[in-house]
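Presented below is the structure to which this report refers.
Protein chains: 2
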Amino acid sequence: MTPRRTGRRPGNPDTRQAILAAARTTFAERGFDAASIRVIAAAAGVDPALVHHYFGSKEELFRATVEIPLDPAALLPVVLAGGADGVGERLVRTFLGVWDSPAGKAAMALLRSAVNNDWTARLLREFLVTQVLRRVLDHLDVPPAELPLRGSLVATQMIGLAMMRYVIRLEPVASAAPETLVAAIGPTVQRYLTGDLPAGRGRDV
Amino acid sequence: MTPRRTGRRPGNPDTRQAILAAARTTFAERGFDAASIRVIAAAAGVDPALVHHYFGSKEELFRATVEIPLDPAALLPVVLAGGADGVGERLVRTFLGVWDSPAGKAAMALLRSAVNNDWTARLLREFLVTQVLRRVLDHLDVPPAELPLRGSLVATQMIGLAMMRYVIRLEPVASAAPETLVAAIGPTVQRYLTGDLPAGRGRDV
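Listed in order, the protein sequences are those of chains X and E.
Residue 145 in this note's numbering sits at position 147 of the first sequence, and the numbers go up by one each step.
Residue 164 in this note's numbering sits at position 166 of the second sequence, and the numbers go up by one each step.
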């Protein structure tokens, strides 16, 4: 699981930084869906073509703002291979693979920052929802009305796993072989994604 | 769920602070079990009787170092009432009750600090293991060898719940009624505590 590099030139550092700063503000304030390259370019005082030139797509720009050198979409085929059966275990396995790769350092920095900074927390929320959870759930046969609750339940388990294994370092989770955690936690994620959630029937949110 | 206050006098602020500083260092370095009032008193340059006078028991001193104004032991009867059946749901319900009480602010501060400070992370680990998880698991009919893995799995789900609901504030988990989360997450915690964990059989940690 190697972090993907776009190979784009860094370009003028000042322009690049201005675009990144405008993108962070815009994504945090409006959310990923409502933010547009055009609005971000205007906030940075540059032409939209320059944003595309430096960062490519809106997805790539977003990943640059959260400094995650990895495209979650590239991992989706692995997670979704085989359909709904075992998707929980594959999601946990892939997640651990990312955290154990060089991209894990960026993920840790994002998580640490989000805990102490509301603005980064918003970016992390947008990242989880638009780049990871929605993409996985879109491929599963789940009623659309249940997607937000299911997605956020998955997030509680995955972020908690990252916290305990990589940040708080509670044993034996901190040193367990990935497959131990896949076997133990995969069924939880599977149930949140596709299982019969009591909350899915009479929920009040 | 009101935070318990000990009613002890604050005493000389300098002495109190010296004892607290020594306790934080000692608990973080040696862990809760190996730390003793005697060692902490020596590190603070005071008589052990003074530590007892200001803080009471080692448990109370430890809670003061992590600034949690609440004795987890006081909540145990509620969590354990009814035995193993439903203990997962009761643990989630009690946990949410604490976070939604005035003690939640202290818990949030501890969590935030632990994310960015290895030393506080060690204290949080000790708190989770010795003050919460071990106490719950000691009352359930679980093979002792499985306790550490079960306890740390519970911690991944509970800390992730706190992270997503109170810190990152991902919807709908952030605004869901407590009972929605109890129904959705309780069975996960139940399985980690008493269920047939695949990892419990052939684990390599």
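Where a beta carbon is used, it is the ideal one built from N, C-alpha and C, also for glycine.
Note that the structure is a prediction, hence the values are computed from the model and not measured.
Item	Value
Straight-line Cα distance separating PRO185/E from LEU131/X	22 Å
Interface positions of the stretch 116 to 134 of chain X facing chain E (Cβ-Cβ less than 7 Å), listed along the chain	ALA119, LEU122, ARG123, LEU126
Beta-carbon spacing of ALA47/E, ALA20/E below 8 Å	no
Residue span of the alpha helix (DSSP H) that contains ALA175/X, given as start and end	Premise fails: ALA175/X is in no alpha helix (DSSP H) and is neither H nor E.
Bounding residues of the alpha helix (DSSP H) (the contiguous stretch that carries PHE125/X)	Counting along the chain, PHE125/X falls outside any alpha helix (DSSP H), and DSSP gives it neither H nor E.
Close beta carbons around ARG205/E, own chain, < 8 Å, minus the five adjacent residues each side	Nothing about residue 205/E can be reported from this structure: the residues present for chain E run from -1 to 203 only.
Buried/exposed call for GLU27/X, threshold 16 Cβ in 10 Å	exposed
Expected contact under 8 Å - CB spacing of ARG91/E and VAL180/E to nearest Å	5 Å
SER34/X (DSSP reduced to helix, strand or coil)	coil
Chain-ordered neighbours of ARG110/E on chain X, where CB pairs are closer than 8 Å	VAL113, ASN114
Neighbour-count burial assignment, SER205/E, 16 or more Cβ in a 10 Å radius	Beyond the ends of chain E as shown, which are -1 and 203, falls residue 205/E; an answer cannot be given.
Residue of GLU87/E, ARG14/E, TYR52/E, LYS56/E minimising C-alpha distance to SER34/E	LYS56/E
Euclidean distance between Cα positions of TYR190/X and ARG148/X	5 Å
Limits of the unbroken alpha helix (DSSP H) element including LEU147/E	145 to 160
Any C-beta of chain X under 8 Å from that of ILE157/E	yes
Proximity of GLY158/E and GLN188/X at Cβ, strictly below 8 Å	no
Buried/exposed call for GLN129/X, threshold 16 Cβ in 10 Å	buried
Chain X residues whose Cβ lies nearer than 8 Å to that of VAL171/E	LEU147, SER150, LEU151, ALA153, THR154
Own chain partners of ARG120/X with C-beta closer than 7 Å, once the 5 adjacent residues on each side are dropped	ALA26
Test: LYS186/E CB closer than 8 Å to a CB of chain X	The residue you asked about is not Lys; residue 186/E is Thr in the sequence shown. At least one chain X Cβ lies under 8 Å of THR186/E.
Proximal residues of chain X, C-beta to C-beta of VAL165/E below 8 Å	ALA112, VAL113, ALA119
Contacts of LEU195/X in chain E (Cβ-Cβ under 8 Å)	ALA181, ALA182
Backbone CA spacing between TYR52/E and ARG14/E [nearest angstrom]	7 Å
8 Å contact criterion, which VAL77/X and VAL85/X should meet: CB distance rounded	6 Å
Span separating the alpha-carbon of LEU138/E from that of THR192/E	8 Å
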